[in-house]
Amino acid sequence: MLGSWRAIVRHYLDRLPRPAQLLISGCLALLTLGFVFPDAIPGLGWFELPVLVPLLSLTALVTDSYQLMASPSSRTRCTRPSPCWCCGRSPASGLAAVRQELFAPPRTDTAAGTVPDRPRSQWPALRDAGQHEAAELLTTEVAGGRANDVDCARVEHAFTVARRDATLAAFSDTVLRQGGAAWTHPSGARDLPHRSARHDLLAGQVRIGRWVAAERAPQPYHDAGAALGPDVLGTSLLAVGPSGSGKTRTLVEPVTEALALQALTGRCAVVAVSAAGSRLGADDSFDVIVRIGDPSSVHDLDPYAESDDPDEAAAILAEALTGDLDTAGTRGAATTLAQLLGPFRTVRGRFPTLPELRELLEGEEEP
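Numbering-wise, UniProt numbering puts 165 at position 165 of the sequence shown, and it's gapless, one number per residue.
And the structure:
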């Protein structure tokens, strides 16, 4: 305990604001100075501590003479700074350092791993960038339930883009006019009609289940929640498992849902492809539903990309079917398709449907 007095003092002083720490250090230094030189402070009636005599003895022991400490001013210069050094070591920095600490603006940076002083619902990043009016409006929108997590993620993304492109003035103007509805998806949707998984849009994560408490799982992960973040969602993902094991329900559907939510925030565009009868989400979660070969489908795919030129249409279809146009095989496929598409369009005024094209390629139908 006796050897830990410095740690004990720091334990309590470090909890105080910096100005309070400086004030306490100054008072302690002044008190210590009063013990060593009571005559320097009016009103003190006690005797000085025996500091000067040991100092003179040490000087005589080292230099074999009292000459170094013979002058009163020398003794004063050697003894008076020691109390200040012990209590605060502030003389070296001078009044400028003290003034800088006392009148410095509040620190906005937080140490790694600490909790910020202001919650994200108060939009501290906007306030730090000087967008106080926009931050106040958005704070009110969130508190009143008029802005959900999709809105917050969308506005944060717009703020990041505006700060990067130096368009904060336009950002603030849009927020002040539209509030949490700013930069809404062209569909007008601000959320999905239904969510089957838990999402943290501000972190970009989707929860897909829990780690099993088994030997094949790392010990720290046992029974912990498992989620996919932006680093995984932004790459390719291959799910391997037997048929009926739940890959679509427990993995593919939550991932598709997470990407659809990201699309509503303006971060990406989503094209989800599944087998006939296998749904990746509710139909109203998507802007367009294309059912190939279904006459009741409102939308369809045009394999010729609305082209009217047989050569261009053949090149587009060949690239879609075979890949890279630089290969000899693709060029040959484009040539063959053009020889079929040109006469067919001349006779019927349109390009063949995919079943008709297959019959043409197999030689079962004449243009």
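Just so you know, even glycine gets a beta-carbon here, dropped at the ideal spot from N, CA and C.
Because the structure is a prediction, the values reported are computed rather than measured.
Can you list, in chain order, the residues of its chain with a C-beta nearer than 6 Å to that of residue i? Leave out the 5 residues immediately preceding and following it.
i: LEU95; result: Caution is warranted here: a pLDDT of 48 is assigned to LEU95, below 50, making its placement in the model unreliable, and the coordinate value is therefore given only provisionally. Hits under 6 Å: none found.
i: PRO254; result: ALA197, VAL206, ILE208
i: ILE41; result: GLY34
On the DSSP letters alone, give me the boundaries of the beta strand (DSSP E) that residue i sits inside.
i: ALA217; result: Where ALA217 is concerned, there is no enclosing beta strand (DSSP E), given that its DSSP letter is neither H nor E.
i: ALA147; result: Taken as a continuous stretch (DSSP letters only), ALA147 belongs to no beta strand (DSSP E), as it is neither H nor E.
Which one or two residues does DSSP pair with residue i in a beta bridge?
i: HIS199; result: VAL206
i: residue 368; result: Nothing can be reported for residue 368, as the shown portion of the chain is limited to 1 through 367.
With DSSP as the reference, label residue i as helix, strand or coil.
i: LEU228; result: strand
i: VAL252; result: helix
i: VAL347; result: helix
i: HIS157; result: helix
i: THR139; result: helix
i: ALA182; result: coil
i: TYR12; result: helix
i: GLY234; result: coil
i: VAL115; result: With a pLDDT of 46 at VAL115, under the threshold of 50, the modelled position of that residue is not reliable, and the figure given next carries that caveat. DSSP places VAL115 in coil when its eight states are reduced to three.
i: PRO242; result: coil
i: ILE41; result: coil
i: GLN21; result: helix
i: GLY277; result: coil
i: GLN131; result: coil
i: THR335; result: helix
i: GLY266; result: coil
i: GLU257; result: helix
i: ASP191; result: coil
i: SER121; result: helix
i: SER285; result: helix
i: TRP272; result: Strictly speaking, residue 272 in this sequence is Ala, with Trp absent from that position. If DSSP states are grouped into helix, strand and coil, ALA272 belongs with coil.
To which residues of the same chain is residue i closer than 8 Å at the C-beta, ignoring the five residues directly before and after it?
i: ALA189; result: LEU264
i: LEU202; result: ARG120, ASP149, CYS152, ALA153, GLU156
i: GLY266; result: ARG154, HIS157, ALA158, TRP183, HIS185
From what residue to what residue does the alpha helix (DSSP H) around residue i run?
i: PRO310; result: 310-322
i: residue 382; result: Here the chain comprises residues numbered 1 to 367, so residue 382 is not present and cannot be evaluated.
i: ALA125; result: 124-128
i: ARG355; result: Per the sequence shown, residue 355 should be read as Pro rather than Arg. 354-362 is the extent of the alpha helix (DSSP H) around PRO355.
Starting from the C-beta of residue i, find all residues in its chain whose C-beta is less than 7 Å away, skip the five residues before and the five after it, and write them out in chain order.
i: ALA313; result: TYR304, SER307, LEU341, PHE351
i: residue 415; result: One cannot answer for residue 415 here, as it falls past the ends of the chain, which runs 1 to 367.
i: TRP123; result: ALA135, LEU138, THR139
i: LEU301; result: VAL290, ILE292
i: PRO184; result: Correcting the residue identity first, residue 184 is Thr in this sequence and not Pro. The answer, listed in chain order, is ARG190.
i: LEU251; result: ILE208, ALA239
i: TRP211; result: ALA217, TYR221, HIS222, ASP223, ALA224, ALA226
i: ASP283; result: ILE289
i: ALA269; result: ALA263
Item to check | Sufficient close CB pairs (3 or more, under 8 Å) joining the region 146-158 to the region 177-185 | outcome: Segments in contact, yes.
Item to check | Given 8 Å, three or more beta-carbon pairs between the region 330-340 and the region 313-321 | outcome: Short answer: they touch.
Checklist entry - Does the region 287-306 come close enough to the region 236-248 to have 3 or more Cβ pairs within less than 8 Å? => result Between the region 287-306 and the region 236-248, the count of Cβ pairs shorter than 8 Å is below three; the stretches do not touch.
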